[in-house]
Amino acid sequence: MVDFSKVRAIDFHTHAEEACGCHADDGYDALQSTMAKYFGAPWAHPPTIDETAAHYREMNIAAVIFPVDSERETGYRRYDNYEVADACAKNDDILIPFASIDPHKGKMGAREARDLVENHGVQGFKFHPTMQGFYPNDRMAYDLYEAIAETGKPALFHTGQTGVGAGMRGGNGMRLKYSNPMYIDDICVDFPDMPIVLAHPSFPWQEEALSIATHKPNVYIDLSGWSPKYFPPILIRYANTMLKKKMLFGSDWPMIAPEKWLNAFDQAEFRDDVRPLILKENAMRLLGVSA
């Protein structure tokens, strides 16, 4: 297991990808290479879990890592949660596995969620409403939410604009409307004890995200997907004050490398007493771990 007393930070937002060429191309490789150009990432196909672990081990940063199950909406074959969990188990000194289940799978997805937590070490769940094609407060998803809430593990939701499909014809079919964080406010009411993470600075709905995190005790915000040098002043202001115990470091690896994010974070106007909270302490509390 991760020795949290020794790592210098916890990256709460990294992506697991399969090795290139392991399945027939369904368009996913084109999506990934287009995203890499959008973010200025230095690769054509993203690194594997083992490669990710090696990089984070070298950086001495623990990483929450997850796939995205969007095969129903996009046609892209999902990276099986059990395969991801097994790969993370081999690198459990540095990786913290989350899973992803399309909520359209209903009770079958709920059963998978329980099994992943009880028997395979999964520590949370990732949702991407734009990629998965659903409003987060759709009652269709509630069987899965109920299962996650029972486990006590966090649910992490993509919010705001996405680099997925950016610049592609029709945005590659991705609809931004699903990722307005205000839809997640209903989940906060209906599942008040389930930890919820709003991923990314939520452009163009940043104030909505801050409002929810201020109003609902179970809500956190991860700061992934943007370089801190582009953070709006209101986000930094809330991070330094009212929400200082609810902000999480996240890079969005492999689109943004953790060292690149951290270099920009060092230059941003965060208070010295807040930096340790964002980099590690808030994530440890959310994950229920100690040093």
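With positions in the sequence shown counted from 1, the corresponding number in this note's numbering is that position plus 1. Ideal Cβ positions, reconstructed from N, Cα and C, are used throughout, including at glycine.
1. Quick check on residue 203: buried or exposed, where buried means 16 or more other Cβ atoms within 10 Å of its Cβ?
2. Taking the runs of the beta strand (DSSP E) that are 3 residues or longer, which of them lie wholly in the stretch 130-193?
3. Which whole-angstrom value describes the C-beta separation of residue 101 and residue 69, a residue pair presumed to lie in contact below a C-beta threshold of 8 Å?
4. Could you check how far apart the C-beta atoms of residue 131 and residue 152 are, in whole angstroms? I think they sit under 8 Å.
5. Could you tell me the boundaries of the beta strand (DSSP E) in which residue 223 lies?
6. Which residues in the same chain have their Cβ closer than 6 Å to the Cβ of residue 146, if we skip the five residues on either side of it in sequence?
7. Ordered along the chain, which non-local residues of its own chain (more than five positions away) have a Cβ less than 6 Å from that of residue 64?
8. Which residue comes first and which comes last in the beta strand (DSSP E) that contains residue 199?
9. Suppose the cutoff is 6 Å on Cβ atoms and the five residues either side in sequence are ignored; what does the same chain contact list for residue 148 look like?
10. Are there three or more Cβ pairs, one per stretch, closer than 8 Å when the stretch 221-235 is compared with the stretch 263-276?
11. Taking the CB atoms as reference points, tell me whether residue 183 and residue 213 lie closer together than 9 Å.
12. Are three or more beta carbon pairs between the stretch 254-263 and the stretch 70-87 nearer than 8 Å?
13. Answer with buried or exposed for residue 281, where buried requires no fewer than 16 other C-beta atoms within 10 angstroms of its C-beta.
14. What does a CB cutoff of less than 8 Å around residue 290 pick up in its chain, not counting 5 residues either side in sequence?
15. Assuming residue 215 contacts residue 244 under a Cβ cut-off of 8 Å, what Cβ separation, rounded to an integer in Å, is found between them?
16. Just curious, the beta strand (DSSP E) that residue 10 is in, first and last residue?
17. For a minimum of 3 consecutive residues, which ranges assigned as the beta strand (DSSP E) are wholly contained in the stretch 91-117?
18. Could you tell me if residue 292 is buried or exposed, where buried requires 16 or more neighbouring beta carbons within 10 angstroms of its beta carbon?
19. Once you ignore the five residues that flank residue 86 on each side, which residues in its own chain have a CB closer than 8 Å to its CB?
20. Under the rule that 16 or more other beta-carbon atoms within 10 Å means buried, what is residue 251, buried or exposed?
21. Do you know offhand how far residue 246's Cα is from residue 220's?
22. Starting from residue 213, follow the alpha helix (DSSP H) in both directions and report where the run begins and ends.
23. Hey, quick one: how far does the beta strand (DSSP E) through residue 66 stretch, first residue to last?
24. Judging by CA-CA distance, which residue of 18, 77, 59, 74 is the nearest neighbour of residue 48?
25. In or out: residue 209 buried (at least 16 other Cβ within 10 Å) or exposed?
26. Nearest by alpha-carbon distance to residue 256: which of 228, 179, 8 is it?
27. Can you name the residues that DSSP bridges to residue 254?
28. DSSP state of residue 266, grouped into three classes?
29. Have a look at residue 284 and residue 75 and give me their C-alpha separation to the nearest angstrom.
30. Cutting at 8 Å between CB atoms, please list the residues of its own chain near residue 55, excluding the five before and the five after it.
31. Express the C-alpha separation of residue 155 and residue 60 in angstroms, rounding to a whole number.
With the given structure in hand:
1. buried
2. 156-159
3. 5 Å
4. Actually they are not in contact, since the Cβ atoms of residue 131 and residue 152 sit about 25 Å apart, beyond 8 Å.
5. 220-223
6. 192
7. 12, 15, 57, 96
8. 197-200
9. 111, 114, 115
10. yes
11. yes
12. no
13. buried
14. 3, 5
15. 7 Å
16. 10-16
17. 96-98
18. exposed
19. 98, 100, 117, 121, 122, 123
20. buried
21. 10 Å
22. 207-216
23. 62-67
24. 18
25. buried
26. 228
27. 15
28. helix
29. 31 Å
30. none
31. 25 Å
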